[in-house]
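Numbering (this note's numbering), first residue to last: 3 to 214.
(1) Can you tell me whether DSSP reads residue 189 as helix, strand or coil?
(2) Figure out for me which residue from 38, 177, 178 has the closest Cα to the Cα of residue 101.
(3) Is residue 171 helix, strand or coil by DSSP?
(4) Alpha carbon to alpha carbon, how far is residue 118 from residue 80? Give it in angstroms, no decimals.
(5) Cβ of residue 175 within 7 Å of Cβ of residue 195?
(6) Return the CA-CA distance between residue 88 and residue 49, expressed in angstroms with no decimal places.
(7) Within a Cβ cutoff of 7 Å, which residues of the same chain sit near residue 6, ignoring the five residues on either side of it in sequence?
(8) Classify residue 201: buried if its beta carbon has 16 or more other beta carbons within 10 angstroms, exposed otherwise.
(9) Could you pull the start and end residues of the alpha helix (DSSP H) that residue 89 belongs to?
(10) Between residue 167 and residue 151, what straight-line distance do the alpha-carbon atoms span, to the nearest angstrom?
(11) Using a 10 Å radius around the Cβ and a threshold of 16 neighbouring Cβ atoms, would you call residue 204 buried or exposed?
(12) Which same chain residues end up closer than 6 Å to residue 43 when comparing Cβ atoms and leaving out the 5 residues on each side of it in sequence?
(13) Considering just the uninterrupted stretch of the beta strand (DSSP E) at residue 150, what are its terminal residues?
(14) I want to see whether chain B comes within less than 7 Å of residue 21, judged by CB atoms only; does it?
(15) Given residue 99, which residues of its chain have a CB within under 7 Å of its CB, disregarding the five upstream and five downstream residues?
(16) Within the same chain, show all residues whose beta-carbon is closer than 6 Å to that of residue 198, passing over the 5 residues directly before and after it, in chain order.
(17) How about residue 163 and residue 172: are their beta carbons less than 7 Å apart?
(18) Going by other Cβ atoms of all chains shown within 10 Å of its Cβ, with 16 needed for buried, is residue 128 buried or exposed?
(19) At 3 residues or longer, and completely inside the stretch 7 to 69: list those beta strand (DSSP E) runs for me, N to C.
(20) Any idea if residue 4 is buried or exposed, counting beta-carbon neighbours within 10 angstroms, 16 or more meaning buried?
(21) Within a Cβ cutoff of 6 Å, which residues of the same chain sit near residue 31, ignoring the five residues on either side of it in sequence?
(22) For residue 161, count neighbouring C-beta atoms within 10 Å of its own C-beta (all shown protein chains included) and say buried if the count is 16 or more, exposed if not.
Dropping the structure here:
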């Protein structure tokens with residue numbers, strides 16, 4: 003939206019609220035109706051769904067700064083969320099009225115195309131994530147999540163925010179908390195992962211040395 007005329011950006015800003023969330027605070031619960039689109043200003047959100055038995059949470063994706071969470075159809079001014087949105091880290095989120103965004107898309111089709119592009123990218127990421135869970139080893143799955151976190155929640159050189167728990171990593175990688183703990187301890191013993199006050203750091207040559 004940075005290329006929109008100043009008047010349009012001003013109007014959008016006047017209708018938008020900025021809300022802060024604590025770590026682990028629920029931003030939007032599954033089954034709740036909302037009339038907002040959620041755009042992350044800072045921090046990190048995770049999208050959570052229940053498994054088929056309804057007894058285990060699974061993190062299906064992360065939403066970082068400048069990314070959106072919204073229902074693909076904006077024909078109505080509100081929608082019922084099928085997913086739960088949780089703050090993985092302390093986060094600030096812009097709440098944009100669906101009706102205002104729909105009007106903006108009608109006036110500026112490039113905004114609609116941009117949102118569609120984000121939705122398509124998210125679907126592709128989800129397909130890739132489910133594929134990795136089904137075919138990759140525990141080591142490879144944890145590695146890929148750690149590498150992704152260094153981009154989503156960066157902390158220091160090639161590191162991620164240590165407030166991202168192993169439980170969250172397990173939820174996203176489709177593994178148990180115990181398996182993730184064992185795998186990460188093994189990584190640390192091999193010098194591939196280290197922890198300090200800044201965060202959890204992943205060796206730069208991790209992928210090439212251990213995962214050809």
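Glycine is no exception: its CB is placed at the ideal position from the N, C-alpha and C atoms. All values reported here derive from a predicted model rather than from experimental measurement.
Reading off the structure:
(1) The residue you call residue 189 lines up with position 187 of the chain shown. DSSP places residue 189 in helix when its eight states are reduced to three.
(2) Counting from 1 along the chain shown, the entry for residue 101 is found at position 99. For residue 101, the nearest C-alpha among the options comes from 38.
(3) The residue labelled residue 171 in the question sits at position 169 within the chain shown. In this structure, residue 171 counts as helix in the three-state DSSP scheme.
(4) Position 78 of the chain shown holds residue 80. Position 116 of the chain shown holds residue 118. Cα to Cα, the separation comes out at about 18 Å.
(5) On the chain shown, residue 175 is found 173 positions in, with the first residue counted as 1. On the chain shown, residue 195 is found 193 positions in, with the first residue counted as 1. Taking 7 Å as the Cβ cut-off, residue 175 and residue 195 do not qualify as a contacting pair.
(6) Position 86 of the chain shown holds residue 88. Position 47 of the chain shown holds residue 49. Using only the alpha carbons, I get a separation of about 7 Å.
(7) Taking the chain shown and counting its residues from 1, one reaches residue 6 at position 4. Result list for residue 6: 110, in chain order.
(8) In the chain shown, the residue the question calls residue 201 occupies position 199. Buried, because 16 or more other Cβ atoms sit within 10 Å of the Cβ of residue 201.
(9) Taking the first residue of the chain shown as position 1, residue 89 is located at position 87. No alpha helix (DSSP H) holds residue 89; the beta strand (DSSP E) holding it covers 86 to 89.
(10) Counting from 1 along the chain shown, the entry for residue 167 is found at position 165. Counting from 1 along the chain shown, the entry for residue 151 is found at position 149. Taking the Cα positions, residue 167 is about 11 Å away from residue 151.
(11) On the chain shown, residue 204 is found 202 positions in, with the first residue counted as 1. Looking at its Cβ environment, which holds 16 or more other Cβ atoms inside 10 Å, residue 204 is buried.
(12) If you number the chain shown from 1, residue 43 lands on position 41. Only 94, 96 meet the Cβ criterion.
(13) Here residue 150 refers to the residue found at position 148 of the chain shown. Counted as a single uninterrupted DSSP element, the stretch harbouring residue 150 is not any beta strand (DSSP E) but the alpha helix (DSSP H) occupying residues 140 to 154.
(14) As a matter of chain content, chain B is missing from the structure shown, which is built from one protein chain.
(15) Here residue 99 is taken as the residue at index 97 of the chain shown, counted from 1. 17, 37, 38, listed in sequence order.
(16) Taking the first residue of the chain shown as position 1, residue 198 is located at position 196. No residues qualify anywhere along the chain.
(17) Residue mapping note: residue 163 aligns to position 161 of the chain shown, counting from 1. Residue mapping note: residue 172 aligns to position 170 of the chain shown, counting from 1. It is not a contact, given that the beta carbons lie outside the stated cut-off.
(18) Here residue 128 refers to the residue found at position 126 when the chain shown is read from its first residue. Flag for residue 128 reads exposed.
(19) Runs of the beta strand (DSSP E) inside the stretch 7 to 69: 19 to 23, 28 to 30, 38 to 44, 47 to 52, 59 to 65.
(20) Position 2 of the chain shown, counted from the start, is the residue given in the question as residue 4. So residue 4 ends up on the exposed side.
(21) Numbered from 1 along the chain shown, position 29 holds the residue referred to as residue 31. Once the five neighbours on either side are set aside, the close Cβ partners of residue 31 are 86.
(22) As a working mapping, residue 161 is identified with position 159 in the chain shown. Within 10 angstroms of the beta-carbon of residue 161 lie 16 or more other beta-carbons, which makes it buried.
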